[in-house]
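Enquirer: Counting with my numbering, you get residues 5 to 231 for the letters of the sequence shown.
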Amino acid sequence: MFSTAPTPFDVYFSVFGIPIRVHVSFWIVMALFGWHPDRPDLTFLWVLAAFISVLCHELGHAFMAEWFRWPSEILLYFTGGVCLSDRWQKNTPLRSIAVSFAGPGIGLCLAGVTYLILRGLVTYVPQAAEWDDRVWYFLSTMVVINVIWSLLNLMPVLPLDGGRVFESACDWFRLRSGQAITQGVSVVTAIAIAAYLGQSGVRFGAVMFAILALENGIGAYRRDRIG
(Lines of atoms letter the chains of each structure in order from A and count residues from 1; the text may use other names and numbers.)
(Lines give C-alpha, C1' and ligand atoms only; values in the text may rest on other atoms or scores of the structure.)
Protein backbone atom coordinates (compact mmCIF):
# COMPACT_ATOMS: atom_id res chain seq x y z
CA MET A 1 0.00 0.00 0.00
CA PHE A 2 1.27 3.47 -0.89
CA SER A 3 1.80 6.14 1.74
CA THR A 4 0.52 9.66 1.17
CA ALA A 5 3.50 11.21 2.97
CA PRO A 6 5.25 13.85 0.84
CA THR A 7 8.00 12.63 -1.46
CA PRO A 8 10.66 14.47 -3.51
CA PHE A 9 8.69 13.51 -6.63
CA ASP A 10 5.39 15.13 -5.64
CA VAL A 11 4.06 17.98 -7.77
CA TYR A 12 2.80 21.15 -6.07
CA PHE A 13 0.73 23.95 -7.60
CA SER A 14 -2.42 25.92 -6.89
CA VAL A 15 -5.64 26.82 -8.72
CA PHE A 16 -7.32 30.07 -7.70
CA GLY A 17 -5.45 29.96 -4.42
CA ILE A 18 -6.36 26.34 -3.60
CA PRO A 19 -3.19 24.36 -2.76
CA ILE A 20 -2.82 21.10 -4.69
CA ARG A 21 -0.35 18.26 -4.21
CA VAL A 22 -0.06 15.38 -6.65
CA HIS A 23 1.54 12.40 -4.92
CA VAL A 24 3.86 10.28 -7.05
CA SER A 25 1.59 7.25 -6.46
CA PHE A 26 -1.15 8.95 -8.48
CA TRP A 27 0.90 8.79 -11.68
CA ILE A 28 1.97 5.19 -11.05
CA VAL A 29 -1.51 3.82 -10.38
CA MET A 30 -3.16 5.78 -13.20
CA ALA A 31 -0.53 4.54 -15.63
CA LEU A 32 -1.25 0.95 -14.57
CA PHE A 33 -4.99 1.46 -15.05
CA GLY A 34 -4.57 2.86 -18.55
CA TRP A 35 -1.61 0.75 -19.61
CA HIS A 36 -1.22 0.14 -23.36
CA PRO A 37 1.94 -1.96 -23.76
CA ASP A 38 2.18 -1.30 -27.49
CA ARG A 39 1.10 2.36 -27.35
CA PRO A 40 2.90 4.40 -24.68
CA ASP A 41 1.38 7.52 -26.24
CA LEU A 42 -2.12 6.25 -25.40
CA THR A 43 -1.00 5.43 -21.87
CA PHE A 44 0.18 9.02 -21.51
CA LEU A 45 -3.11 10.37 -22.85
CA TRP A 46 -5.09 8.12 -20.48
CA VAL A 47 -3.09 9.41 -17.50
CA LEU A 48 -3.58 12.99 -18.71
CA ALA A 49 -7.34 12.47 -19.03
CA ALA A 50 -7.48 10.88 -15.57
CA PHE A 51 -5.47 13.76 -14.09
CA ILE A 52 -7.73 16.42 -15.58
CA SER A 53 -10.88 14.54 -14.60
CA VAL A 54 -9.91 13.79 -10.99
CA LEU A 55 -8.55 17.30 -10.50
CA CYS A 56 -11.76 18.90 -11.81
CA HIS A 57 -13.81 16.58 -9.57
CA GLU A 58 -11.89 17.66 -6.48
CA LEU A 59 -11.94 21.31 -7.55
CA GLY A 60 -15.73 21.05 -7.65
CA HIS A 61 -15.70 20.09 -3.97
CA ALA A 62 -13.10 22.76 -3.15
CA PHE A 63 -14.88 25.60 -4.95
CA MET A 64 -18.12 24.83 -3.14
CA ALA A 65 -16.31 24.56 0.19
CA GLU A 66 -14.56 27.87 -0.44
CA TRP A 67 -17.97 29.39 -1.25
CA PHE A 68 -18.94 28.54 2.34
CA ARG A 69 -15.62 30.02 3.49
CA TRP A 70 -14.06 26.70 4.38
CA PRO A 71 -10.35 26.82 3.44
CA SER A 72 -9.55 23.79 1.29
CA GLU A 73 -6.65 21.87 -0.19
CA ILE A 74 -6.49 18.98 -2.62
CA LEU A 75 -4.42 15.80 -2.64
CA LEU A 76 -4.28 13.49 -5.64
CA TYR A 77 -2.94 10.06 -4.74
CA PHE A 78 -3.24 6.34 -5.53
CA THR A 79 -7.00 6.01 -4.93
CA GLY A 80 -7.85 9.13 -6.92
CA GLY A 81 -8.15 12.31 -4.91
CA VAL A 82 -9.49 13.99 -1.81
CA CYS A 83 -10.50 17.54 -0.97
CA LEU A 84 -9.62 18.48 2.58
CA SER A 85 -11.54 21.39 4.09
CA ASP A 86 -12.64 22.67 7.48
CA ARG A 87 -16.32 21.73 7.19
CA TRP A 88 -16.97 21.96 10.91
CA GLN A 89 -17.36 25.72 10.90
CA LYS A 90 -21.03 26.75 10.50
CA ASN A 91 -21.79 23.47 8.75
CA THR A 92 -25.32 22.29 7.95
CA PRO A 93 -26.64 19.13 6.24
CA LEU A 94 -27.57 21.14 3.14
CA ARG A 95 -24.08 22.62 2.91
CA SER A 96 -22.52 19.17 3.22
CA ILE A 97 -24.84 17.88 0.48
CA ALA A 98 -23.89 20.79 -1.77
CA VAL A 99 -20.16 20.16 -1.29
CA SER A 100 -20.58 16.41 -1.90
CA PHE A 101 -22.66 16.91 -5.06
CA ALA A 102 -20.28 19.52 -6.50
CA GLY A 103 -17.56 17.01 -7.42
CA PRO A 104 -19.69 14.59 -9.47
CA GLY A 105 -21.61 17.56 -10.86
CA ILE A 106 -18.45 19.08 -12.32
CA GLY A 107 -17.47 15.67 -13.68
CA LEU A 108 -20.79 15.18 -15.48
CA CYS A 109 -20.59 18.71 -16.89
CA LEU A 110 -17.07 18.03 -18.14
CA ALA A 111 -18.27 14.79 -19.75
CA GLY A 112 -21.14 16.65 -21.41
CA VAL A 113 -18.90 19.40 -22.79
CA THR A 114 -16.40 16.86 -24.12
CA TYR A 115 -19.21 14.84 -25.73
CA LEU A 116 -20.54 17.97 -27.45
CA ILE A 117 -17.05 18.68 -28.77
CA LEU A 118 -16.89 15.15 -30.18
CA ARG A 119 -20.31 15.46 -31.81
CA GLY A 120 -19.43 18.88 -33.16
CA LEU A 121 -16.23 17.62 -34.74
CA VAL A 122 -17.99 14.67 -36.35
CA THR A 123 -20.90 16.80 -37.61
CA TYR A 124 -19.28 20.05 -38.65
CA VAL A 125 -15.66 19.18 -39.43
CA PRO A 126 -15.63 16.52 -42.18
CA GLN A 127 -11.85 16.39 -42.32
CA ALA A 128 -11.73 15.57 -38.61
CA ALA A 129 -12.22 11.88 -39.47
CA GLU A 130 -8.69 11.94 -40.86
CA TRP A 131 -7.15 13.37 -37.71
CA ASP A 132 -4.72 11.43 -35.59
CA ASP A 133 -6.43 8.65 -33.59
CA ARG A 134 -4.94 10.08 -30.42
CA VAL A 135 -7.32 13.04 -30.60
CA TRP A 136 -10.34 10.75 -30.63
CA TYR A 137 -8.89 8.51 -27.95
CA PHE A 138 -8.29 11.40 -25.58
CA LEU A 139 -11.73 12.96 -26.05
CA SER A 140 -13.59 9.66 -25.75
CA THR A 141 -11.55 8.73 -22.67
CA MET A 142 -12.49 12.04 -21.06
CA VAL A 143 -16.17 11.25 -21.58
CA VAL A 144 -15.92 7.69 -20.27
CA ILE A 145 -13.84 8.53 -17.19
CA ASN A 146 -16.05 11.42 -16.11
CA VAL A 147 -19.33 9.59 -16.63
CA ILE A 148 -18.25 6.39 -14.87
CA TRP A 149 -16.34 8.12 -12.07
CA SER A 150 -19.19 10.57 -11.39
CA LEU A 151 -21.94 7.95 -11.39
CA LEU A 152 -20.00 5.58 -9.16
CA ASN A 153 -19.29 8.42 -6.75
CA LEU A 154 -23.01 9.15 -6.50
CA MET A 155 -23.76 5.65 -5.20
CA PRO A 156 -24.92 5.70 -1.54
CA VAL A 157 -21.77 4.05 -0.26
CA LEU A 158 -19.45 5.59 2.32
CA PRO A 159 -16.97 7.21 1.89
CA LEU A 160 -18.06 8.05 -1.67
CA ASP A 161 -19.87 11.31 -2.34
CA GLY A 162 -23.23 9.57 -2.59
CA GLY A 163 -22.68 8.04 0.84
CA ARG A 164 -21.88 11.46 2.27
CA VAL A 165 -25.04 12.87 0.68
CA PHE A 166 -27.13 10.04 2.16
CA GLU A 167 -25.58 10.57 5.58
CA SER A 168 -26.22 14.33 5.43
CA ALA A 169 -29.80 13.69 4.32
CA CYS A 170 -30.31 11.53 7.42
CA ASP A 171 -29.06 14.43 9.53
CA TRP A 172 -31.31 16.85 7.64
CA PHE A 173 -34.39 14.73 8.42
CA ARG A 174 -33.07 14.21 11.96
CA LEU A 175 -33.20 10.45 11.73
CA ARG A 176 -31.91 8.57 14.72
CA SER A 177 -28.76 6.54 14.15
CA GLY A 178 -28.21 8.24 10.80
CA GLN A 179 -24.65 6.99 10.50
CA ALA A 180 -25.68 3.42 11.32
CA ILE A 181 -28.42 3.60 8.67
CA THR A 182 -25.95 4.98 6.14
CA GLN A 183 -23.46 2.21 6.89
CA GLY A 184 -26.16 -0.42 6.46
CA VAL A 185 -27.25 1.04 3.13
CA SER A 186 -23.59 1.28 2.12
CA VAL A 187 -23.02 -2.44 2.80
CA VAL A 188 -26.06 -3.56 0.81
CA THR A 189 -25.39 -1.20 -2.09
CA ALA A 190 -21.67 -1.99 -2.26
CA ILE A 191 -22.34 -5.75 -2.30
CA ALA A 192 -24.90 -5.34 -5.10
CA ILE A 193 -22.53 -3.22 -7.19
CA ALA A 194 -19.60 -5.57 -6.55
CA ALA A 195 -21.70 -8.53 -7.70
CA TYR A 196 -22.82 -6.71 -10.84
CA LEU A 197 -19.32 -5.56 -11.75
CA GLY A 198 -17.95 -9.02 -11.07
CA GLN A 199 -20.45 -10.60 -13.46
CA SER A 200 -19.63 -7.91 -16.02
CA GLY A 201 -15.93 -8.75 -15.86
CA VAL A 202 -14.89 -5.47 -14.24
CA ARG A 203 -12.70 -7.09 -11.62
CA PHE A 204 -11.04 -3.98 -10.22
CA GLY A 205 -14.38 -2.26 -9.65
CA ALA A 206 -15.82 -5.41 -8.07
CA VAL A 207 -12.88 -5.67 -5.67
CA MET A 208 -13.09 -1.98 -4.80
CA PHE A 209 -16.77 -2.15 -3.86
CA ALA A 210 -16.27 -5.43 -2.03
CA ILE A 211 -13.65 -3.66 0.11
CA LEU A 212 -16.03 -0.75 0.72
CA ALA A 213 -18.75 -3.22 1.78
CA LEU A 214 -16.31 -4.87 4.19
CA GLU A 215 -15.14 -1.55 5.64
CA ASN A 216 -18.70 -0.35 6.24
CA GLY A 217 -19.67 -3.70 7.70
CA ILE A 218 -16.76 -3.59 10.14
CA GLY A 219 -17.64 -0.01 11.03
CA ALA A 220 -21.26 -0.92 11.72
CA TYR A 221 -20.21 -3.94 13.80
CA ARG A 222 -17.83 -1.86 15.93
CA ARG A 223 -20.51 0.77 16.43
CA ASP A 224 -22.96 -1.86 17.67
CA ARG A 225 -20.32 -3.30 20.01
CA ILE A 226 -19.52 0.11 21.46
CA GLY A 227 -23.21 0.99 21.71
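We put the CB at the ideal spot given by N, CA and C, even for glycine.
Pick helix, strand or coil for residue 209, following the three-state DSSP scheme.
Expert: Mapped onto the sequence shown, residue 209 falls at position 205. Helix, per DSSP.
Enquirer: Quick one: give me the first and last residue of the alpha helix (DSSP H) that residue 62 is part of.
Expert: Locating residue 62 in the sequence shown gives position 58, where the first residue counts as 1. It spans 44 to 71 - the alpha helix (DSSP H) in which residue 62 sits, taken as one unbroken run.
Enquirer: If you check the beta carbons only, do residue 70 and residue 85 fall under 9 Å apart?
Expert: As a position in the sequence shown, residue 70 is number 66, starting the count at 1. As a position in the sequence shown, residue 85 is number 81, starting the count at 1. Result no, Cβ atoms of residue 70 and residue 85 do not sit closer than 9 Å.
Enquirer: Are at least three pairs of beta-carbons, each pair with one atom in the region 179 to 188 and one in the region 108 to 117, less than 8 Å apart?
Expert: no
Enquirer: Check residue 79 in the structure and name its three-state DSSP category.
Expert: To locate residue 79, count along the sequence shown from 1; it is residue 75. The answer is strand: DSSP assigns residue 79 an E or B state.
Enquirer: Do you know offhand how far residue 67's Cα is from residue 36's?
Expert: Here residue 67 corresponds to residue number 63 of the sequence shown, with the count starting at 1. Here residue 36 corresponds to residue number 32 of the sequence shown, with the count starting at 1. Residue 36 has its alpha-carbon roughly 30 Å from the corresponding atom of residue 67.
Enquirer: Would residue 182 pass as a contact of residue 174 if the rule is Cβ separation under 9 Å?
Expert: Along the sequence shown, one-based indexing puts residue 182 at 178. Along the sequence shown, one-based indexing puts residue 174 at 170. Closer than 9 Å, so yes.
Enquirer: Is the distance from the Cβ of residue 190 to the Cβ of residue 210 below 9 Å?
Expert: Along the sequence shown, read from residue 1 onward, the residue named residue 190 stands at position 186. Along the sequence shown, read from residue 1 onward, the residue named residue 210 stands at position 206. Not closer than 9 Å, so no.
Enquirer: To the nearest whole angstrom, what separates the beta carbons of residue 2 and residue 51, a pair I think is in contact under 8 Å?
Expert: Since the first residue of the chain shown is 5 and the last is 231, residue 2 is not available in this structure.
Enquirer: Does residue 201 come out as helix, strand or coil in the three-state DSSP assignment?
Expert: The residue given as residue 201 occupies position 197 in the sequence shown. Here residue 201 sits in helix by DSSP.
Enquirer: Whole alpha helix (DSSP H) runs in the region 103 to 170 with 4 or more residues, listed along the chain?
Expert: 137 to 157
Enquirer: Classify residue 88 as helix, strand or coil using the three-state DSSP reduction.
Expert: Sequence index remark: in the sequence shown, residue 88 carries index 84 (1-based). The DSSP-derived three-state label of residue 88 is strand.
Enquirer: Can you list, in chain order, the residues of its chain with a C-beta nearer than 7 Å to that of residue 141? Leave out the 5 residues immediately preceding and following it.
Expert: Indexing the sequence shown from 1 puts residue 141 at position 137. Here the set comprises 46, 49.
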